[in-house]
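Taken in sequence, the protein lines are chains A and B. Per full-length UniProt numbering, the first sequence starts with residue 1, numbered consecutively. Per full-length UniProt numbering, the second sequence starts with residue 1, numbered consecutively.
Protein chains: 2
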Amino acid sequence: MTGGRVGKKSRTAGNRLTLNEVAEKVGVSPITISRALNKPEKVSPGLRETILKIVEELGYVPDYAARALASRSGNTIGVLSSLLGSNIFPRVMKGIEDRAWGSGLRIQYVNTRYDPAEEVHQLKQFFGQKPSGIIIGGVQIDPRVTDLLKDAPCPVVQLLDISYPPVDMAVGINNRAATEAALRHLLDVGYRRIGFCASRSDIPVQMRLEAYRRFMTAEGLYNPALEVSVDSTDTIGSGGNTLDQLFAADPEIDAILCDHDDLSLGLLFECQRRGIAVPDRLGLCSFTDLDYCAHTVPPLTTVRTPLYQLGYRAVDMIIRGQDKRRQEQTIDLGFELIARGSTRRSVQMEVSDTCLGAKTL
Amino acid sequence: MTGGRVGKKSRTAGNRLTLNEVAEKVGVSPITISRALNKPEKVSPGLRETILKIVEELGYVPDYAARALASRSGNTIGVLSSLLGSNIFPRVMKGIEDRAWGSGLRIQYVNTRYDPAEEVHQLKQFFGQKPSGIIIGGVQIDPRVTDLLKDAPCPVVQLLDISYPPVDMAVGINNRAATEAALRHLLDVGYRRIGFCASRSDIPVQMRLEAYRRFMTAEGLYNPALEVSVDSTDTIGSGGNTLDQLFAADPEIDAILCDHDDLSLGLLFECQRRGIAVPDRLGLCSFTDLDYCAHTVPPLTTVRTPLYQLGYRAVDMIIRGQDKRRQEQTIDLGFELIARGSTRRSVQMEVSDTCLGAKTL
DNA sequence: TTGTACGCGTTATCAT
DNA sequence: ATGATAACGCGTACAA
Chain A
1 MTGGRVGKKS RTAGNRLTLN EVAEKVGVSP ITISRALNKP EKVSPGLRET ILKIVEELGY
61 VPDYAARALA SRSGNTIGVL SSLLGSNIFP RVMKGIEDRA WGSGLRIQYV NTRYDPAEEV
121 HQLKQFFGQK PSGIIIGGVQ IDPRVTDLLK DAPCPVVQLL DISYPPVDMA VGINNRAATE
181 AALRHLLDVG YRRIGFCASR SDIPVQMRLE AYRRFMTAEG LYNPALEVSV DSTDTIGSGG
241 NTLDQLFAAD PEIDAILCDH DDLSLGLLFE CQRRGIAVPD RLGLCSFTDL DYCAHTVPPL
301 TTVRTPLYQL GYRAVDMIIR GQDKRRQEQT IDLGFELIAR GSTRRSVQME VSDTCLGAKT
361 L
Chain B
1 MTGGRVGKKS RTAGNRLTLN EVAEKVGVSP ITISRALNKP EKVSPGLRET ILKIVEELGY
61 VPDYAARALA SRSGNTIGVL SSLLGSNIFP RVMKGIEDRA WGSGLRIQYV NTRYDPAEEV
121 HQLKQFFGQK PSGIIIGGVQ IDPRVTDLLK DAPCPVVQLL DISYPPVDMA VGINNRAATE
181 AALRHLLDVG YRRIGFCASR SDIPVQMRLE AYRRFMTAEG LYNPALEVSV DSTDTIGSGG
241 NTLDQLFAAD PEIDAILCDH DDLSLGLLFE CQRRGIAVPD RLGLCSFTDL DYCAHTVPPL
301 TTVRTPLYQL GYRAVDMIIR GQDKRRQEQT IDLGFELIAR GSTRRSVQME VSDTCLGAKT
361 L
């Protein structure tokens, strides 16, 4: 095995070990090897053991292309998202990988770059691969995409606000409720003039903004000038501009709800710089609960979204949905308001207003 | 096209459009369609146009499995890394995606989870896919892995410190030089009792630690008690323990070099909490330059590592190396010391001590 | 420039 | 429980 190195390429693509060769060694037919590998119960225990041992010895690795071609399944899950480059994706990814682990499924990630056309294109590419499933973190609700999704040759899981009806299945949270929980908390601790600050404009953020408007209007506190959109290329660094803008719109503003922790972090730093007291002069609240939130000074109040679970459950749904494909199933992952120092005007314990869900619709 | 939806599955895996069907529509042989798609120059302009139009109309998507099987190339690049779940990976990923964009190459990421055995396993899996290239961010220099890599049926790019000889090609930085630059800087601004703090123990970190020892010893400043290893599951949150440990080891410690910005961030927060003045009482310096570094109070001095370039160049090498495979090529990406407030004892401008490289060995 | 014949490595189907 | 045969959909090699 460790023997001859022939020139630079000792074992090129040309001469890989095949099922046939393994079969010869063992002295059975190729299909038996195949079965021993894929459907162990269909081959007698003794023979199976022999085969697996020899396969191991020889270091045989099946050819996925051939397998996919013959079995009309690529055994891959395609993940389409615009968030691949963002700092929230690693957590989702970890959930995905952990669940896919050992399932024999391979994951392919593609960045849709906030472009529906790209989404359509990539989706078609995947369909050409006989995927076992598609996980798609939708850019927008684009009819071209949903039409395509309807005809998908495999289970589809959308990473989506639970208020949207999914094409097939969906995992997500209730962004409206999450926003209301955050605002309710801000009100409870005494803030009244609350701004909203967003760095993206995807669906979750849109829903949060809507919820903000509705809620604040209902409370008689809505002020359109307190909505700020931030340059998404330097989220953390935009704290200064954002503060300027908000204080100009209302010098009495006393809290800011951000669509992402990074914004909150940037604002906190800017407040430190300007000597604005957080939480006393200004309360800060956001979404996601990235690692640093618990450790800033003061720590940041945030609505924790179960990113890991998002990925984990998405894969789970695909794996379990491969046989019986029930349509229009949505899982609500719930959220958790983590009340920390950045909104704590008086001394309190850390409160977590959980809204765990997993209520399967 | 937009017509009948037959039950739940209108066009199942069973009846996808094939080259043959397209060929029939066009009235030529399948191979001509294939050529029009893959080697446009080998088919007459007029015909080519007709074909492409019809392909577009019909929404034909080639079967990757069949293509891979027939052409003995899967047109995929496998990326193996333990950093998939970390917050530095998105930047590398972005570089990878940007370079692979439009090349027809598909990227597959797998998490090796700091486990050489897993690395070996995944590598074999990839070899079974006739990959166009492998990008591997090595866990360790494990002989099992390097042996496998030597016999790879495709170009291999290692994400590696440039002082290691690559099996085929490598992109990376000189961690020793980077560490020395950081320490030199700390010395220049007056720090003397400098601790080292690490949260991982992969190769780059090992090299930095070694460089730290060597450098400090040469300066007559080495104190083994000032090396601290940190729980990697809560890097940012470990600031308290780390400070305790370091101050216990040397109450006069005046600066800390961290292997990762997150550590520096956590330490900064802890200093804020304890009222330890940064940079006056304690200087903070780290590696990577994540987004937040420029915005903390004070901003963090760090050695910027070109993560985006790391991914971008790696893919680039594979694409260019597919024909002529020159062996043992290493690209030094260089680094850049970004001197910011966390090590600025007196007021200065932001200095950047660039060591750009791309000196191709 | 276009077409024909064949094979890529595996699994499905049907037989034994 | 195991085997023989025939696809799977495409690209290579060679021929026209």
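Using N, Cα and C, we set each Cβ at its ideal position, and we do this for glycine too. Here the structure is a predicted model, which is why all the values come from computation and not from measurement.
Measuring only the C-alpha atoms, how far is residue i from residue j?
i, j, result
"Glu119(B)", "Arg144(B)", "9 Å"
"Lys42(B)", "Asp234(B)", "58 Å"
"Gly283(A)", "Cys271(B)", "22 Å"
"Ser103(B)", "Ile134(B)", "16 Å"
"Met93(B)", "Arg200(A)", "20 Å"
"Ala314(A)", "Ile141(B)", "35 Å"
"Glu210(A)", "Ala339(A)", "22 Å"
"Arg273(A)", "Trp101(B)", "41 Å"
"Leu257(A)", "Phe127(B)", "49 Å"
"Ile236(B)", "Pro131(B)", "38 Å"
"Gln329(B)", "Leu160(B)", "12 Å"
"Met207(A)", "Val157(B)", "43 Å"
"Leu263(A)", "Leu307(A)", "18 Å"
"Gly14(B)", "Asn75(A)", "In this predicted model, Gly14(B) has a pLDDT of only 47, less than 50, meaning its place in the structure is not dependable; the value taken from the coordinates is given anyway. The straight-line gap from Cα to Cα measures roughly 16 Å."
"Ile278(A)", "Phe269(A)", "Sequence check: residue 278(A) is Val here, not Ile. Each residue's alpha carbon lies about 10 Å from the other."
"Asp63(B)", "Thr18(B)", "8 Å"
"residue 363(B)", "Tyr114(B)", "Chain B is shown only over 1 to 361; residue 363(B) falls outside these bounds and no answer can be derived."
"Pro298(B)", "Ile319(A)", "48 Å"
"Leu337(A)", "Ile173(A)", "13 Å"
"Ala178(B)", "Asp259(B)", "11 Å"
"Thr296(B)", "Leu52(B)", "54 Å"
"Ile136(B)", "Lys124(B)", "13 Å"
"Asp316(B)", "Ile331(B)", "11 Å"
"Val171(A)", "Pro116(B)", "34 Å"
"Ile276(A)", "Leu187(B)", "34 Å"
"Asp202(A)", "Thr50(B)", "38 Å"
Please compile the residues from chain A whose C-beta is within a distance smaller than 7 Å of the C-beta of residue i.
i, result
"Ile236(B)", "Asp291, Tyr292 and His295"
"Tyr64(B)", "Gly128 and Gln129"
"Asn111(B)", "Glu97"
Using CA coordinates, which residue listed in the options is at the minimum distance from residue i?
i, options, result
"residue 365(A)", "Val303(A), Val278(A) and Val228(A)", "Here chain A comprises residues numbered 1 to 361, so residue 365(A) is not present and cannot be evaluated."
"Arg91(B)", "Asn111(A), Gly104(A) and Arg72(A)", "Asn111(A)"
"Gly321(B)", "Asp151(B), Arg67(B) and Asp168(B)", "Asp168(B)"
"residue 362(A)", "Tyr64(A), Gln245(A), Gln158(A) and Gly334(A)", "Summary: the structure shown does not reach residue 362(A), with chain A confined to residues 1 through 361, and so no result is reported for it."
"Asp254(B)", "Cys285(B), Asp231(B), Arg176(B) and Glu21(B)", "Cys285(B)"
"Pro45(A)", "Thr32(A), Leu307(A) and Met216(A)", "Thr32(A)"
"Ile54(B)", "Ala66(B), Asn20(B) and Ser81(B)", "Asn20(B)"
"Val189(A)", "Met317(A), Thr301(A), Cys154(A) and Ile51(A)", "Thr301(A)"
"Ile162(B)", "Ala23(B), Lys150(B), Ala152(B) and Gly138(B)", "Gly138(B)"
"Gln129(A)", "Leu148(A), Pro153(A), Tyr114(A) and Val22(A)", "Pro153(A)"
"Ala182(A)", "Pro30(A), Gly195(A), Asp151(A) and Val171(A)", "Gly195(A)"
"residue 362(B)", "Glu97(A), Val230(A) and Gln309(A)", "Because residue 362(B) is not part of the residues shown, which for chain B are 1 to 361, the question remains open."
"Glu57(B)", "Asp151(B), Val230(B), Asp332(B) and Val22(B)", "Val22(B)"
"Ala65(A)", "Leu80(B), Gly59(B) and Ser73(B)", "Ser73(B)"
"Ala294(A)", "Val61(A), Glu49(A) and Thr343(A)", "Thr343(A)"
"Pro251(B)", "Val230(B), Gly266(B), Arg281(B) and Ser229(B)", "Arg281(B)"
"Lys25(B)", "Leu47(B), Lys39(B), Pro40(B) and Asp202(B)", "Leu47(B)"
Which chain B residues sit within Cβ distance under 9 Å of residue i?
i, result
"Gly133(A)", "Chain B residues near Gly133(A): none, gap ~12 Å exceeds 9 Å."
"Gln108(A)", "Thr76, Arg106, Ile107, Gln108 and Tyr109"
Counting only Cβ pairs nearer than 9 Å, list the residues of chain A close to residue i.
i, result
"residue 405(B)", "With chain B represented from 1 up to 361, any question about residue 405(B) goes unanswered, as that position is not in the structure."
"Ala68(B)", "Asp63, Tyr64, Ala65, Ala66, Ala68 and Leu69"
Is the beta carbon of residue i within less than 6 Å of some heavy atom of the ligand GTP?
i, result
"Ala218(B)", "Judged by which ligands are present, the structure shown has none, so any question about the ligand GTP falls away."
For residue i, return the contacting residues in chain B, with the cut-off set at a CB-CB distance below 8 Å.
i, result
"Gln329(A)", "Result: empty, since nearest Cβ-Cβ is about 14 Å, beyond 8 Å."
"Gly239(A)", "His295"
Select from the region 80-103 of chain B all residues with a C-beta closer than 7 Å to any C-beta belonging to chain A, and list them in chain order.
-> Leu84, Gly85, Ser86, Asn87, Phe89, Pro90, Met93, Lys94 and Glu97
Can you give me, in chain order, the residues of the region 246-278 of chain A that have a beta carbon less than 7 Å from any beta carbon in chain B?
-> Leu265, Gly266, Phe269, Gln272 and Arg273
Does the region 234-247 of chain A touch the region 203-222 of chain A, meaning 3 or more C-beta pairs lie closer than 8 Å?
-> no
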